[in-house]
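Enquirer: Each residue of the sequence shown is one higher than the one before, starting from 1 at the first, in the UniProt record's numbering. The C-beta atom is built at its ideal place from N, Cα and C for all residues, glycine as well. Sending over a structure as structure tokens; questions will come in a sec.
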Amino acid sequence: MEELLKIIKQQSNEIALLREQVVYLTQKIYGKSSEKTIQINGQLSLFEEEQLTEEKADFPR
């Protein structure tokens, strides 16, 4: 009987650790990302500030 209780306790601890891993990996995959882009010299941006303001003026409100 004591051996069964010991096994249950070990399995409960393992389940707790696995749940922590699931939470961590879920946050890592689906959580906020801090991706940063690097501007390369000589390469134009897809969205230049001047172009965006001109396009806003072209659209009627």
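Roughly how many whole angstroms lie between the Cα atoms of LEU17 and LYS32?
Expert: The residue labelled residue 17 in the question sits at position 17 within the sequence shown. The residue labelled residue 32 in the question sits at position 32 within the sequence shown. Spanning the two alpha carbons is a distance of roughly 23 Å.
Enquirer: What does the alpha-carbon distance come out to for the pair LEU44 and GLN11?
Expert: The residue you call residue 44 lines up with position 44 of the sequence shown. The residue you call residue 11 lines up with position 11 of the sequence shown. About 57 Å.
Enquirer: For the alpha helix (DSSP H) that ASN13 lies in, which residues bound it at each end?
Expert: The count along the sequence shown starts at 1 and reaches residue 13 at position 13. Segment 2-30, the alpha helix (DSSP H) holding ASN13.
Enquirer: Does chain D have any CB closer than 9 Å to the CB of GLU2?
Expert: Looking for chain D here will not work: only one protein chain is present.
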